[in-house]
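Trainee: Have a look at the structure that comes next, please.
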Amino acid sequence: MISVIENRADIISIDEFLNLTDIRIPEYQRPYKWSDKNVLQLIEDIYTFRHKEHYRFGTIVIHINPITESNITTTYNDIVDGQQRYTTIRLLVYALFQLVENSNKFQSNTRDLLQNLKDKLDRIELNYKNKNSIENIHKNFQLIKRSIQHFDDITIYNFIKKFQVVVFFIHDITEAFQFFDSQNSRGKDLYPHDLLKAFHLREFDKNEFELQLKVVGHWEKYASKKLSILFAEYLYRIKGWSNNQHARYFGKEHIDMFKGISIDKIENYPYVKVLQISHSVVDNYNDNFERKIDRQEMGFPFQLDHIMINGRRFFEYVNHYLGINEKFKGKYLVEKEDSKHYSNAESIVKMVYQNHYSYRDGESYIRDLFECIMIYYIDKFGENELPAFLEKAFIWCYYLRFRYQRLGFDSLDNYIIKNNLFGAIKSAMQPKDVLKFTLKELPSFEDILSFSKGDSSRMDKSIVEFFKKNHYYVN
Numbered sequence: 001m002i003s004v005i006e007n008r009a010d011i012i013s014i015d016e017f018l019n020l021t022d023i024r025i026p027e028y029q030r031p032y033k034w035s036d037k038n039v040l041q042l043i044e045d046i047y048t049f050r051h052k053e054h055y056r057f058g059t060i061v062i063h064i065n066p067i068t069e070s071n072i073t074t075t076y077n078d079i080v081d082g083q084q085r086y087t088t089i090r091l092l093v094y095a096l097f098q099l100v101e102n103s104n105k106f107q108s109n110t111r112d113l114l115q116n117l118k119d120k121l122d123r124i125e126l127n128y129k130n131k132n133s134i135e136n137i138h139k140n141f142q143l144i145k146r147s148i149q150h151f152d153d154i155t156i157y158n159f160i161k162k163f164q165v166v167v168f169f170i171h172d173i174t175e176a177f178q179f180f181d182s183q184n185s186r187g188k189d190l191y192p193h194d195l196l197k198a199f200h201l202r203e204f205d206k207n208e209f210e211l212q213l214k215v216v217g218h219w220e221k222y223a224s225k226k227l228s229i230l231f232a233e234y235l236y237r238i239k240g241w242s243n244n245q246h247a248r249y250f251g252k253e254h255i256d257m258f259k260g261i262s263i264d265k266i267e268n269y270p271y272v273k274v275l276q277i278s279h280s281v282v283d284n285y286n287d288n289f290e291r292k293i294d295r296q297e298m299g300f301p302f303q304l305d306h307i308m309i310n311g312r313r314f315f316e317y318v319n320h321y322l323g324i325n326e327k328f329k330g331k332y333l334v335e336k337e338d339s340k341h342y343s344n345a346e347s348i349v350k351m352v353y354q355n356h357y358s359y360r361d362g363e364s365y366i367r368d369l370f371e372c373i374m375i376y377y378i379d380k381f382g383e384n385e386l387p388a389f390l391e392k393a394f395i396w397c398y399y400l401r402f403r404y405q406r407l408g409f410d411s412l413d414n415y416i417i418k419n420n421l422f423g424a425i426k427s428a429m430q431p432k433d434v435l436k437f438t439l440k441e442l443p444s445f446e447d448i449l450s451f452s453k454g455d456s457s458r459m460d461k462s463i464v465e466f467f468k469k470n471h472y473y474v475n
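Dropping the structure here:
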């Protein structure tokens, strides 16, 4: 909850806003990426509403961030929300200054006003390191210069003096992030992973401020779609299917499965001890001075079936599971000049990702299922007996191609519950226990012959031939 004592909200003009000192755009912010449409809309608004007494131009959230170095404290104004708008306003001021400097149609007080703002902006050094940010800044600066040629003294004066922004000054970084999430949720529906981000940011230890900034910066580098896929198509489904539950559509009502315990708040129950030990051992190892020498790092031993530790471990958890599938594909999805040089596992993975019908919905459902089962197996057993399991998983998944002419997700979901390979992995102590799983449903030999000789529009012939060659059928 935002403290009314420490925090404040001011409605200020563009002039007053740009006069704020020690403005910073933190490293965790996303790249600057305003499009032509965004920039042109801003310029159109400035011109359209130039005669209005006041025009409200959005919201800025600032974290008041005091930093002490060599016993000297400097209070920075870190922009948590609104950096896209702030950067564009800066570009606009510089472009207006050039316009006025290179023309004799403007009054001297307009020139003085812009000179004063430019001098103040020059003293605020912003280092944009991201390549896309730099390219977009250069592109938008040229676009702005082309688009403001019709501006006059009144338009410029009213923009600087009468256009307003609402600036929220917030002292606590966690509150700032919370406020950012609440502001951005107005008028649109947040994704479940956005709600999880906000929840776990609140669960950070008070002493983990720098780490909090780091993990948020890392999170913001991921495309929202990538995070949405991770939770909706992989983690949610694996958790549901491994508990023999239907797992069709991930929504806000399911986010509690990605919440757990807060180590420093929960009672010292017996079941918590193993998590406390793991948590402490990993931190102690990574914080040891020897790590500065050997550069080693111990990752937290995440397991999809284990209880989540709230806070920073959640963000590490996301990074960990984003990496598993990519690492798996990186090892087995390879290109070789001669098909004879492919291992059995490589041939299977190639069929999954590069068959002739990979673009169809039913095929994508099976591919996602294959990825889910591989993630779950690797999560528990690593690469032990992985090629053997990979073949069993492939047959288990692609039997669906023989059974259904048009495969809907509901049919796939029901098939898993009745023939649950996830459950076999969950109860297994060793890989050999999983490899004993009985494939209860296989195509008939007549189906194999029919698909290999006849209509090939239902599935790739290479899949049929694999079933046939390896005797995955019943007579």
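At position 323 of the sequence shown the residue is numbered 323 (the UniProt record's numbering), and the sequence of numbers has no breaks.
Ideal Cβ placement from N, Cα and C applies to all residues, glycine included.
Can the beta-carbon of Thr59 be found closer than 8 Å to that of Phe159?
Mentor: For the purposes of this step, residue 59 is taken as the residue at position 59 of the sequence shown. For the purposes of this step, residue 159 is taken as the residue at position 159 of the sequence shown. Cβ atoms of Thr59 and Phe159: not closer than 8 Å.
Trainee: Using DSSP bridges, identify the partner residues of Ile67.
Mentor: Looking up residue 67 in the sequence shown gives position 67. Thr74.
Trainee: According to the neighbour-count rule (16 or more other Cβ atoms, all chains shown, within 10 Å of its Cβ), is Met459 buried or exposed?
Mentor: Here residue 459 is taken as the residue at index 459 of the sequence shown, counted from 1. Answer is buried; the Cβ neighbour count reaches 16.
Trainee: On the criterion of 16 or more Cβ atoms from any shown chain inside 10 Å, does Pro387 qualify as buried, or is it exposed?
Mentor: As a working note, residue 387 is residue 387 in the sequence shown. Exposed, by the Cβ-count rule.
Trainee: Spatial neighbours of Arg401 within its chain, please: C-beta separation below 6 Å, excluding the five flanking residues on both sides.
Mentor: Taking the sequence shown and counting its residues from 1, one reaches residue 401 at position 401. So the qualifying residues of the chain are Met459.
Trainee: With 16 as the cutoff for other CB atoms within 10 Å, does Phe289 come out buried or exposed?
Mentor: Here residue 289 refers to the residue found at position 289 when the sequence shown is read from its first residue. Burial call: exposed.
Trainee: Please classify Gln164: does DSSP put it in a helix, a strand, or coil?
Mentor: Here residue 164 refers to the residue found at position 164 when the sequence shown is read from its first residue. It is a strand residue.
Trainee: Sort Leu213, Val274, Ile307 and Val166 by Cα distance to Lys239 and report the nearest one.
Mentor: Locating residue 239 in the sequence shown gives position 239, counting from the first residue. For Lys239, the nearest C-alpha among the options comes from Ile307.
Trainee: Return the chain-ordered ranges of every alpha helix (DSSP H) run that is complete within the stretch 183-240 and spans a minimum of 4 residues.
Mentor: Counting whole runs of 4 or more residues, the stretch 183-240 contains the alpha helix (DSSP H) stretches 192-202, 209-220 and 224-229.
Trainee: For Gly382, count the other beta carbons within 10 Å of its own beta carbon; 16 or more makes it buried, fewer makes it exposed. Which is it?
Mentor: Within the sequence shown, the letter at position 382 stands for residue 382. Exposed: under 16 other Cβ atoms inside 10 Å.
Trainee: If you follow the beta strand (DSSP E) that Arg8 is in, where does it begin and where does it stop?
Mentor: Looking up residue 8 in the sequence shown gives position 8. Here the beta strand (DSSP E) through Arg8 covers Arg8 to Ser13.
Trainee: Have a look at Glu233, Phe389 and Ser364 and flag the residue whose alpha-carbon is nearest the alpha-carbon of Arg248.
Mentor: In the sequence shown, counting from the first residue as 1, residue 248 sits at position 248. Here the closest residue by C-alpha is Glu233.
Trainee: So, do the stretch 77-97 and the stretch 29-37 have three or more beta carbon pairs nearer to each other than 8 Å?
Mentor: Touching, per the Cβ criterion.
Trainee: Restricting to Cα atoms, I'd like to know which of Phe437, Thr155, Phe141 and Asp287 is closest to Glu391.
Mentor: Position 391 of the sequence shown, counting from 1, holds the residue named residue 391. Taking only the C-alpha atoms, the option nearest Glu391 is Phe437.
Trainee: Note down the Cα distance separating Tyr271 from Pro301, rounded to an integer number of angstroms.
Mentor: Within the sequence shown, the letter at position 271 stands for residue 271. Within the sequence shown, the letter at position 301 stands for residue 301. Approximately 16 Å, taken between the alpha carbons.
Trainee: Any idea what DSSP makes of Phe466, helix, strand or coil?
Mentor: For the purposes of this step, residue 466 is taken as residue 466 along the sequence shown, with counting starting at 1. It is helical.
Trainee: Leaving out five residues before and five after Tyr365 in sequence, what residues of the same chain have Cβ atoms less than 7 Å from its Cβ?
Mentor: Within the sequence shown, the letter at position 365 stands for residue 365. Correct list, in chain order: Leu407, Phe409 and Leu412.
Trainee: For the alpha helix (DSSP H) that contains Asp433, what are its first and last residues?
Mentor: Taking the first residue of the sequence shown as 1, we reach residue 433 at position 433. First-last of the alpha helix (DSSP H) with Asp433: Pro431 to Leu435.
Trainee: Do you know offhand how far Glu267's Cα is from Glu27's?
Mentor: Against the sequence shown, residue 267 aligns to sequence position 267. Against the sequence shown, residue 27 aligns to sequence position 27. For Glu267 and Glu27, the distance between alpha carbons rounds to 37 Å.
Trainee: Using the C-alpha atoms, what's the distance from Ile170 back to Asn7?
Mentor: Locating residue 7 in the sequence shown gives position 7, counting from the first residue. Locating residue 170 in the sequence shown gives position 170, counting from the first residue. In a straight line, the C-alpha of Asn7 is about 5 Å away from that of Ile170.
Trainee: Taking Asn310 and His218 to be in contact with their CB atoms under 8 Å, please state how far apart those CB atoms are, rounded to whole angstroms.
Mentor: The residue labelled residue 310 in the question sits at position 310 within the sequence shown. The residue labelled residue 218 in the question sits at position 218 within the sequence shown. No, Asn310 and His218 are not in contact; Cβ-Cβ is about 18 Å, not under 8 Å.
Trainee: Beta carbon of Leu99, beta carbon of Ile137: below 8 Å?
Mentor: Reading the sequence shown from its first residue, position 99 is the one you call residue 99. Reading the sequence shown from its first residue, position 137 is the one you call residue 137. Going by C-beta atoms, Leu99 is not nearer than 8 Å to Ile137.
Trainee: In the DSSP assignment, the alpha helix (DSSP H) including Arg406 goes from what residue to what residue?
Mentor: Walking along the sequence shown from the start, residue 406 turns up at place 406. Where Arg406 is concerned, there is no enclosing alpha helix (DSSP H), given that its DSSP letter is neither H nor E.
Trainee: Would you identify the three-state DSSP class for Val349, choosing helix, strand or coil?
Mentor: Translated into the one-based positions of the sequence shown, residue 349 becomes position 349. Here Val349 sits in helix by DSSP.
Trainee: Cα separation between Ile124 and Ile23?
Mentor: For the purposes of this step, residue 124 is taken as the residue at position 124 of the sequence shown. For the purposes of this step, residue 23 is taken as the residue at position 23 of the sequence shown. C-alpha separation (whole angstroms): 7 Å.
Trainee: How about Val80 and His63: do their beta carbons lie closer than 8 Å?
Mentor: Locating residue 80 in the sequence shown gives position 80, where the first residue counts as 1. Locating residue 63 in the sequence shown gives position 63, where the first residue counts as 1. Contact flag set, yes.
Trainee: In its own chain, which residues sit with a C-beta less than 6 Å from the C-beta of Val464, not counting the 5 before and 5 after it?
Mentor: Position 464 of the sequence shown, counted from the first residue, corresponds to residue 464. Excluding sequence neighbours, Val464 sits near Phe451 and Ser452.
Trainee: Using only alpha-carbon positions, find the residue among Tyr415, Asn420, Tyr399 and Val352 that is nearest to Tyr472.
Mentor: Working through the sequence shown from its first residue, we reach residue 472 at position 472. Answer by Cα proximity: Tyr399.
Trainee: Would you identify the three-state DSSP class for His471, choosing helix, strand or coil?
Mentor: Numbered from its first residue, the sequence shown carries residue 471 at position 471. If DSSP states are grouped into helix, strand and coil, His471 belongs with coil.
Trainee: Is the beta carbon of Lys426 less than 8 Å from the beta carbon of Ser242?
Mentor: The residue you call residue 426 lines up with position 426 of the sequence shown. The residue you call residue 242 lines up with position 242 of the sequence shown. In contact: Lys426 and Ser242 (Cβ atoms closer than 8 Å).
Trainee: Would you check if the distance between the CB atom of Tyr157 and the CB atom of Thr110 is smaller than 8 Å?
Mentor: Working through the sequence shown from its first residue, we reach residue 157 at position 157. Working through the sequence shown from its first residue, we reach residue 110 at position 110. Yes.
Trainee: To which residues of the same chain is Ile324 closer than 8 Å at the C-beta, ignoring the five residues directly before and after it?
Mentor: As a first step, residue 324 is located in the sequence shown; it is residue number 324 there, counting from the start. The residues are Ile375, Ile378 and Asp379.
Trainee: Between the Cα of residue 478 and the Cα atoms of Glu101, Ile12, Ile134 and Tyr94, which residue gives the shortest distance?
Mentor: What is shown of the chain runs 1 to 475, which leaves residue 478 out entirely.
Trainee: Just how far apart, CA to CA, sit His320 and Val166?
Mentor: Within the sequence shown, residue 320 is the residue found at index 320, counting from 1. Within the sequence shown, residue 166 is the residue found at index 166, counting from 1. So the alpha carbons of these two residues sit roughly 38 Å apart.
Trainee: Which stretch, first to last residue, makes up the alpha helix (DSSP H) that contains Phe258?
Mentor: Translated into the one-based positions of the sequence shown, residue 258 becomes position 258. Phe258 -> no alpha helix (DSSP H), and no H or E assigned at all.
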